[in-house]
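Chemist:
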Ligand code: KG4
Ligand code: ZN
């Protein structure tokens with residue numbers, strides 16, 4: 019069968035990314051221009067600034083992705099692009115570029131759900147991986163437990179009712195003055211701290227056992243910090259980070275493994291920025307092996323936002339000829 023070469027484009031948040039991927043699994047290039055330093059100054063992503071930076075970066079990034087892959091535009095079979103969820107202005111930049119290229123080449127345009135893209139990062143990392151499996155998707159915008167029934171069929175088993183896991187990491191980091199993005203910074207401090215120093219809350223819903231809630235945990239951490247400040251006591255940053263991280267990871271691990279056991283699934287995958295967290299990986303590895311479940315995760319570079327995962331997801335739509343109309347619009351609140 020002929021190789022299918024897809025250009026993927028991702029601009030949903032603060033990374034401008036383009037990638038060329040063959041048959042959904044073989045990455046020829048994956049270029050990521052990050053805006054993280056720009057937004058770090060403001061302690062979080064500023065949507066208007068993100069859109070402007072995407073406009074500046076999009077063409078050079080696409081150009082570089084094709085050059086690095088050794089592929090000319092005319093050799094592409096399709097263009098896949100994230101159309102949601104994400105920041106509307108940011109999404110529109112990638113979408114406009116993708117539409118223009120697809121139209122000019124007369125090739126199909128494929129709309130990709132960003133969350134689905136994160137899941138597909140696992141297909142790139144593990145050539146032999148096939149659905150069905152249970153996937154925990156935890157990033158700055160979403161925390162979902164998904165039953166991946168087939169390449170194109172997903173059923174959401176649980177989701178956060180308030181903050182996403184990564185969002186909680188970012189907020190805690192901000193309160194502790196660690197900077198943005200918070201995940202890697204909290205993780206680093208946690209290495210030096212005692213995870214049992216503070217007993218922060220873990221929420222479990224009786225009616226929907228796979229749902230998450232992190233806003234109470236976030237408030238508990240913020241209150242602890244404020245109380246210590248009022249008493250002029252030194253803030254034990256490392257202990258707070260370690261105890262907070264343990265509270266988040268405990269819940270992510272418990273719900274994911276419970277979902278897999280109840281679904282009689284022998285495979286669990288993790289995806290999204292938070293899946294870069296070593297403590298989460300180690301804890302899940304242990305819980306999965308105790309339950310006789312095999313755990314898969316992408317390498318660090320494919321956990322956070324990138325276009326290779328988008329091109330991979332687009333391939334599975336290509337196979338089913340699930341193409342988007344030229345009028346495809348950005349959907350900021352797109353669900354799985
Ligand atoms: O998937 P991603 O790049 O973007 C979204 O789709 O949101 O995820 C970014 C999120 C941020 O909240 C960041 O703090 C978190 O992932 N993150 C981490 C780690 N690396 C990134 N959280 C915990 N530990 C990490 N090592
Ligand atoms: Zn993401």
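Numbering (our numbering), first residue to last: 19 to 354.
Cβ atoms here follow ideal geometry from the backbone N, Cα and C, with glycine treated the same way.
Thinking residue 273 and residue 230 are a contact (beta carbons under 8 Å), I'd like their distance in whole angstroms, please.
Modeler: Yes, they are in contact, since the Cβ atoms of residue 273 and residue 230 sit about 7 Å apart, within 8 Å.
Chemist: Of all the alpha helix (DSSP H) runs that stay within the bounds of the region 38-74, which reach a length of 4 or more residues?
Modeler: Listed in chain order, the complete alpha helix (DSSP H) runs (minimum 4 residues) inside the region 38-74 are 54-58.
Chemist: Enumerate, from N- to C-terminal direction, the unbroken alpha helix (DSSP H) stretches of 4 or more residues contained entirely within the region 112-166.
Modeler: Whole alpha helix (DSSP H) segments, 4+ residues: 132-143.
Chemist: So, using beta-carbon positions, are residue 327 and residue 138 closer together than 9 Å?
Modeler: Yes, the pair counts as a contact, with Cβ atoms nearer than the cut-off.
Chemist: In chain order, which alpha helix (DSSP H) runs of at least 4 residues are fully inside the region 217-257?
Modeler: Counting only runs of 4 or more, we get 233-248.
Chemist: Can you tell me whether DSSP reads residue 326 as helix, strand or coil?
Modeler: In this structure, residue 326 counts as helix in the three-state DSSP scheme.
Chemist: Listed in chain order, which residues are found with a beta carbon closer than 5 Å to a heavy atom of the ligand KG4?
Modeler: Having a Cβ closer than 5 Å to some heavy atom of the ligand KG4 are 157, 158, 159, 184, 187, 188, 199, 200, 201, 202, 205, 290, 291, 292, 294, 295, 322 and 323.
Chemist: Between which two residues does the beta strand (DSSP E) carrying residue 102 extend?
Modeler: Run containing residue 102: 96-102, per the beta strand (DSSP E) assignment.
Chemist: Hey, would you say the C-beta of residue 144 is under 8 Å away from at least one heavy atom of the ligand ZN?
Modeler: Answer for residue 144: no, Cβ out of range of the ligand ZN.
Chemist: Any idea which residues DSSP pairs residue 178 with across the strands?
Modeler: 230, per the DSSP bridge assignment.
Chemist: State the Cα-Cα distance for the pair residue 189 and residue 93, rounded to the nearest angstrom.
Modeler: The alpha-carbon atoms of residue 189 and residue 93 are separated by roughly 44 Å.
Chemist: Taking only three categories from DSSP, how would you classify residue 353?
Modeler: Correct three-state label for residue 353: coil.
Chemist: Please report the Cβ distance between residue 36 and residue 80, rounded to the nearest whole angstrom; I am assuming they are in contact, meaning their Cβ atoms lie under 8 Å.
Modeler: That belief holds up - the Cβ atoms of residue 36 and residue 80 are roughly 4 Å apart, short of 8 Å.
Chemist: Measure the CB-CB distance between residue 102 and residue 131 and report whether it falls below 9 Å.
Modeler: The answer is yes: Cβ separation under 9 Å.
Chemist: Roughly how many angstroms lie between the CA atoms of residue 323 and residue 264, to the nearest whole one?
Modeler: Straight-line Cα distance between these residues: approximately 24 Å.
Chemist: Using a Cβ-Cβ cut-off of 6 Å (strictly less than) and excluding sequence neighbours within five positions of residue 99, which residues of its own chain qualify?
Modeler: Around residue 99: 27, 112, 113 and 116.
Chemist: Are the beta-carbon atoms belonging to residue 198 and residue 58 less than 9 Å from one another?
Modeler: Yes. Within cutoff.
Chemist: Using only the alpha-carbon positions, how far apart do residue 306 and residue 67 sit?
Modeler: Computed Cα separation, rounded: 41 Å.
Chemist: Taking DSSP's pairing of strands, which residues face residue 168 in a bridge?
Modeler: According to DSSP, which records beta bridges pairwise, residue 168 is partnered with 171.
Chemist: Out of 34, 287, 21 and 226, point me to the one whose CA is closest to residue 165's CA.
Modeler: Among 34, 287, 21 and 226, the Cα nearest to that of residue 165 is on 287.
Chemist: Taking 9 Å as the threshold (C-beta atoms), are residue 260 and residue 209 in contact?
Modeler: For residue 209 and residue 260, yes; Cβs fall inside 9 Å.
Chemist: So, helix, strand or coil for residue 36, using DSSP?
Modeler: Residue 36: strand per DSSP, three-state reduction.
Chemist: Please name the residue, chosen from 96, 339, 298 and 284, that lies closest to residue 156 on a Cα-to-Cα basis.
Modeler: Here the closest residue by C-alpha is 298.
Chemist: What's the call for residue 228, buried or exposed, on a 16-neighbour Cβ count within 10 Å?
Modeler: It counts as buried.
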